[in-house]
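Written below as structure tokens is the structure these notes are about.
Residue numbers (the numbering used here): 285 to 701.
Below, the structure written as structure tokens:
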């Protein structure tokens, strides 16, 4: 008969009287166990290995995790414990803000994942399934857990993550291969439950995991129940998204469609630096947004470039709620900062001088004493072309061309204007 044991770092062991082990398609596996306890020798909180022995002397299943909670109150020599895969930090520790930008290569999704997992104190499996995924840039907000960040990345880029038996975070693009039911010794107890979407039976070994199929059904959750009768399993199947039921389907669809709220709002920031490209380094008032580098701005003026001084206050948003598309969309206070007008254009102001070219009159007297002639030459301000007219032989209209000669090459935007 299958049995369970908890083995702590100092090689002490506690027998599991019963327990429930839950593996999910995306997330962290958990164990809720009742143990044979001794008030004088309580089960310690901390690293633990859950050993699930198999029937018929099969290979045991070992799970590397952490005891998060122990019910210190024992009853009839029993106590309960909550164990999670890994170090128990992925869904607990909060991340700090961090920005990633192409320099010059695009940013690997694997790097974003690895940094987050390292920051919270967990470990990442070497077999990274997202090695071919890249983004030009990404801004990670603070105040979220590593698990929440992984959910966001997985929703956007089509992979799953879960805690492995060894306590390492694994990234997976599930291929939905047939589960090895023979190795598990699975004996199905009857037809599948189409309402609950479950397949149940007894097993000799807790080896079947989500991401595989049984009878063509995609297994999203595997629940093993250990008691005095042995090991029983309930496998919940679905469409492969890991949502779990109608409510879960709706929640998953909403999560995929809607980014975290922080990416949907507008944030006040302070300009720290402007690069030669015009892009801005900013620091947000919200500590969970933090600092961003090389953020483009949209001044709302055609062919206009702003020279923004340090300390200027501005508004930051993420276009379409996309972490990879931060932008400055307005300035809340903008004093004496010129917007340069490019391509040799200028801006006309009241009382600016206008050049209209020159008119030259040359009078030629008639040698016989009669009416002489006048030659009028017009030189426009835009070029050397001249127009010569001899009067009074004809009546001609001269169109004068004006060019603003004192227009400003810069626009100064002031607060309140």
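Ideal placement from N, C-alpha and C gives every residue a C-beta, glycine not left out.
- Within the same chain, and ignoring the five residues on either side of residue 331 in sequence, the residues whose Cβ sits closer than 6 Å to its Cβ are 293, 350.
- Residue 652 has no beta-bridge partner at all, per DSSP.
- C-alpha of residue 368 to C-alpha of residue 418: approximately 31 Å in a straight line.
- Under the rule that a run must span 3 or more residues, the beta strand (DSSP E) segments found entirely inside the region 443 to 510 read 444 to 447, 453 to 456, 482 to 486, 496 to 498.
- Note on geometry: alpha-carbon atoms of residue 371 and residue 355 lie some 19 Å from one another.
- In the structure shown, the three-state DSSP call for residue 437 is helix.
- Residue pairing by DSSP puts residue 552 in a beta bridge opposite 599.
- Annotation: residue 390 to residue 365 spans about 45 Å, alpha carbon to alpha carbon.
- Inter-segment contact for the region 396 to 408 and the region 469 to 482 is absent: fewer than three beta-carbon pairs are separated by less than 8 Å.
- Of the residues 310, 430, 295, 335, the one whose Cα lies closest to the Cα of residue 301 is 335.
- Non-local beta-carbon contacts of residue 460 in its own chain, meaning distances under 8 Å to residues more than five positions away in sequence, involve 495, 496, 497, 502, 524 in chain order.
- Going by C-alpha positions, residue 363 is about 12 Å away from residue 325.
- Cβ contact annotation for residue 543 (same chain, cutoff 6 Å, sequence separation greater than five): 605, in chain order.
- Assignment of residue 582 by DSSP, reduced to helix, strand and coil, places it in the coil class.
- For residue 389, the three-state secondary structure derived from DSSP is coil.
- In this structure, 348 is the residue among 348, 439, 551, 429 with its C-alpha nearest to the C-alpha of residue 448.
- Collapsing the DSSP output to three states places residue 322 in a strand.
- Of all alpha-carbon atoms in 585, 429, 690, the one lying nearest the alpha-carbon of residue 633 is that of 690.
- Following the DSSP letters along the chain, one finds residue 423 inside the beta strand (DSSP E) bounded by residues 421 to 424.
- If the five residues before and after residue 427 are omitted, its C-beta is found closer than 7 Å to the C-beta atoms of 378, 572, all from its own chain and listed in chain order.
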